[in-house]
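Here the structure comes first, spelled out in structure tokens, and everything after it is commentary.
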Amino acid sequence: FDDIATAGRETRDDVIRKSFSEAVLILRNELGADESRWQWCAVHTLIIRHLFGQRSEEGKESPLGKVFNLGPYPTAGTATTINNGEYTFRTVEKRESKNNLPAMLMPAQKLGASSRRVIDFTNPNGFRSVMPGGNSGEAMSPHYADQLALWLNGSLKDFITNPNEFTLRGYRLTVLQPKK
29 FDDIATAGRE TRDDVIRKSF SEAVLILRNE LGADESRWQW CAVHTLIIRH
79 LFGQRSEEGK ESPLGKVFNL GPYPTAGTAT TINNGEYTFR TVEKRESKNN
129 LPAMLMPAQK LGASSRRVID FTNPNGFRSV MPGGNSGEAM SPHYADQLAL
179 WLNGSLKDFI TNPNEFTLRG YRLTVLQPKK
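So the mapping is simple: my numbering equals the position in the sequence shown, first residue as 1, plus 28.
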């Protein structure tokens, strides 16, 4: 635990106290002096990574990430909340400081809900659901990120399951069947 950059010999407790004090100072500089106004989502972020935008095993960003990835977005969830958003301190995002401090490594959401769905079993004609991003994996599609705002805000959209409703609403139904 000794900090070899100093003349003295630090104990574990010395290093923990110093680290805690420095962390609080960084957070005050970033989030303000009033700790009662600090929000977890100000330091906890989410990037929705497309398959082409994944990091390499060495942790390097994919050059395609700027095209395909969505975010970063502030997110308030943890592993034990309704808005599940797990993170580890090994998975971090480098974030530039607001106050000319060195860039910080912030805990980044690693996984969460791939969809949210509410089904009323007394109503067989529909349900409510949302996906992070959209229904398409193609970045130029209008459906690539059309559900993102709803997902980020915890909202849902209505889905219909009654084929007769598709026609009434002007939707087209495509049925894919394998060859017999």
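Note that the Cβ used here is the ideal one computed from N, Cα and C, for glycine as well.
From a predicted model like this one, the values you see are computed outputs, not experimental measurements.
Apart from the five residues just before and just after residue i, which ones in its own chain have a Cβ nearer than 8 Å to its Cβ?
i      : result
VAL146 : PHE155, ARG156, SER157 and LEU184
PHE48  : none
Between which two residues does the beta strand (DSSP E) harbouring residue i extend?
i      : result
ASP256 : Outside the modelled stretch of the chain, which goes from 29 to 208, sits residue 256, for which no answer is possible.
VAL203 : Here VAL203 belongs to no beta strand (DSSP E), and DSSP marks it neither H nor E.
ILE75  : 73-76
GLY154 : 154-158
If you run the structure through DSSP and keep just helix, strand and coil, what is residue i?
i      : result
LEU53  : helix
VAL146 : strand
PHE194 : helix
PHE117 : strand
ALA70  : helix
GLY81  : helix
LYS46  : helix
For residue i, report the span of its alpha helix (DSSP H) as first-last.
i      : result
LEU178 : 176-181
PHE96  : 93-96
Leaving aside the five residues before and after residue i along the sequence, list all residues of the same chain whose C-beta is less than 6 Å from its C-beta, in chain order.
i      : result
CYS69  : PRO102, THR103 and ALA104
GLY162 : HIS171, TYR172, ALA173, ASP174 and GLN175
ILE76  : LEU98, GLY99, PRO160 and GLY161
Let me see if you follow: with CB-CB separation under 8 Å, is residue i close to chain C or not?
i      : result
GLY140 : Considering every chain present, this structure includes no chain C. It has just one protein chain.
In its own chain, which residues sit with a C-beta less than 7 Å from the C-beta of residue i, not counting the 5 before and 5 after it?
i     : result
GLU38 : PHE29, ASP30 and ASP31
LYS94 : none
ARG83 : GLU89 and SER90
Quiz item: Three or more C-beta pairs closer than 8 Å, one from the segment 138-145 and one from the segment 104-115: is that the case here?
Solution: With the cut-off at 8 Å, the segment 138-145 and the segment 104-115 touch.
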